[in-house]
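First the structure, in the form of structure tokens, and then the observations on it.
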Ligand SMILES: NC(=O)c1ccc[n+]([C@@H]2O[C@H](COP(=O)([O-])OP(=O)(O)OC[C@H]3O[C@@H](n4cnc5c(N)ncnc54)[C@H](OP(=O)(O)O)[C@@H]3O)[C@@H](O)[C@H]2O)c1
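Numbering (this note's numbering), first residue to last: 139 to 383.
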């Protein structure tokens, strides 16, 4: 993938991994549009990086996705990054279904709808890419976050299908499956587990994007991937031990 002179739209670009992506794309002469719900978070980024284009939108709202596709027709790289992560127990009856639904809508339905709306536009571009941010928990699930893990596994499967379906187009489809990264999403994670910095993640991802390596497993995610193939039960037990506090 050519990492220069693109028009890049990043969902969830106002913090964490999306922001690190935005900074890297900006540093290589790309036009960058970042999406998020909180206007104040977007404005903080705009102040620091005046060239970035900010757009407040909730990607779980279909009308917002229509608006984005209508307004940013010249996008040639779509980064489906926005995501939420909730712990949820199925052992008690007090389930918060609105949270559960929002997690599925944000992490799976929204990126699928973004792909549906943007692919017709990407097909018209000379070169194009979709970068889906999944997770190592999409390789082997985290027991305390079953919905999160399921949405990420679904995204990995969707990404593969899309890649195959678009094989006769020039749209490249990437799956980036990060390990634990130091972002607002992991504020309450197990303090004994070392986190990678978002900028460090992006440096690893960048090399793979440039080399058209379509499945990207940075750091611990590579070990996850290998173990999921050779000894999935061992990996499941390890994940259970590490993620239970
Ligand atoms: N951090 C990790 O350890 C880790 C590991 C593997 C994968 N990932 C994945 O990486 C992606 C980014 O996560 P992160 O850790 O960088 O999280 P983060 O710092 O919490 O950032 C999430 C971003 O998504 C935006 N967002 C959330 N819901 C949205 C919605 N409905 N509409 C529009 N924007 C929305 C947030 O802005 P607003 O709140 O203002 O909307 C924010 O910009 C996620 O898909 C996550 O699952 C993270």
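Each residue gets a CB set at the ideal place from its N, CA and C atoms; glycine is no exception.
Legend entry - Cα-Cα separation, residue 253 to residue 149: Counting from one through the chain shown, the residue named residue 253 turns up at place 115. Counting from one through the chain shown, the residue named residue 149 turns up at place 11. About 12 Å.
Legend entry - Where residue 245 falls: helix, strand or coil (DSSP): The sequence position of residue 245 within the chain shown is 107, counting from 1. Helix.
Inset, instruction - Kindly indicate which three-state DSSP category residue 375 falls into: helix, strand or coil? - result: Taking the chain shown and counting its residues from 1, the one referred to as residue 375 is at position 237. Note: residue 375 maps to helix in three-state DSSP.
Inset, instruction - Let me know the secondary structure DSSP gives residue 304 once reduced to three states. - result: As a position in the chain shown, residue 304 is number 166, starting the count at 1. Reduced to three states, the DSSP call for residue 304 is coil.
Inset, instruction - Could you tell me if the beta carbon of residue 316 falls within a distance shorter than 7 Å of some heavy atom in ligand 1? - result: In the chain shown, the residue the question calls residue 316 occupies position 178. Within the cutoff, so yes.
Legend entry - Span of the beta strand (DSSP E) around residue 311: Taking the first residue of the chain shown as 1, we reach residue 311 at position 173. Unbroken beta strand (DSSP E) run through residue 311: 309-314.
Legend entry - Cross-strand partners of residue 160 (DSSP beta bridge): On the chain shown, residue 160 is found 22 positions in, with the first residue counted as 1. Residue 160 pairs with nothing; no bridge assigned.
Inset, instruction - Name the residue from 303, 167, 166, 155 whose alpha carbon lies nearest to the alpha carbon of residue 389. - result: Because the chain spans 139 through 383 in this model, residue 389 falls outside it and cannot be assessed.
Legend entry - Contacts around residue 243, its chain only, beta-carbon distance under 7 Å, and the 5 residues preceding and following it disregarded: By 1-based counting over the chain shown, the position of residue 243 is 105. Answer for residue 243: 198, listed in chain order.
Legend entry - Element boundaries [beta strand (DSSP E), containing residue 277]: Taking the chain shown and counting its residues from 1, one reaches residue 277 at position 139. Where residue 277 is concerned, there is no enclosing beta strand (DSSP E), given that its DSSP letter is neither H nor E.
Inset, instruction - Pick helix, strand or coil for residue 469, following the three-state DSSP scheme. - result: The question about residue 469 has no answer here: the residues shown for the chain are numbered 139 through 383.
Inset, instruction - Thinking residue 283 and residue 246 are a contact (beta carbons under 8 Å), I'd like their distance in whole angstroms, please. - result: Residue numbering aside, residue 283 sits at position 145 when the chain shown is read from its first letter. Residue numbering aside, residue 246 sits at position 108 when the chain shown is read from its first letter. Not a contact, Cβ separation roughly 14 Å.
Legend entry - DSSP three-state assignment for residue 400, whether helix, strand or coil: The structure shown does not extend to residue 400, since the chain is modelled only from 139 through 383, so no value can be given for it.
Legend entry - Presumed contact (8 Å Cβ cut-off) between residue 194 and residue 206, rounded CB distance: Within the chain shown, numbered from 1, the residue matching residue 194 stands at position 56. Within the chain shown, numbered from 1, the residue matching residue 206 stands at position 68. Between residue 206 and residue 194 the Cβ distance is about 11 Å, and since that is not below 8 Å, they are no contact.
Legend entry - residue 226 to residue 285 span [Cα, whole Å]: Translated into the one-based positions of the chain shown, residue 226 becomes position 88. Translated into the one-based positions of the chain shown, residue 285 becomes position 147. Computed Cα separation, rounded: 8 Å.
Legend entry - Selection from 324, 146, 316 that minimises the alpha carbon distance to residue 357: The residue given as residue 357 occupies position 219 in the chain shown. The shortest C-alpha separation from residue 357 is found at 316.
Inset, instruction - Please confirm whether residue 309 and residue 261 have their CB atoms less than 8 Å apart. - result: As a first step, residue 309 is located in the chain shown; it is residue number 171 there, counting from the start. As a first step, residue 261 is located in the chain shown; it is residue number 123 there, counting from the start. Yes, these two residues count as a Cβ contact at 8 Å.
Inset, instruction - Answer yes or no: the CB of residue 266 versus the heavy atoms of ligand 1, is any distance below 7 Å? - result: Along the chain shown, one-based indexing puts residue 266 at 128. Outside the cutoff, so no.
Inset, instruction - Please confirm whether any heavy atom of ligand 1 lies closer than 7 Å to the CB of residue 196. - result: As a working mapping, residue 196 is identified with position 58 in the chain shown. Within the chosen limit of 7 Å, ligand 1 reaches the beta carbon of residue 196 through at least one heavy atom.
Legend entry - DSSP-derived helix/strand/coil call for residue 174: Working through the chain shown from its first residue, we reach residue 174 at position 36. Residue 174: strand per DSSP, three-state reduction.
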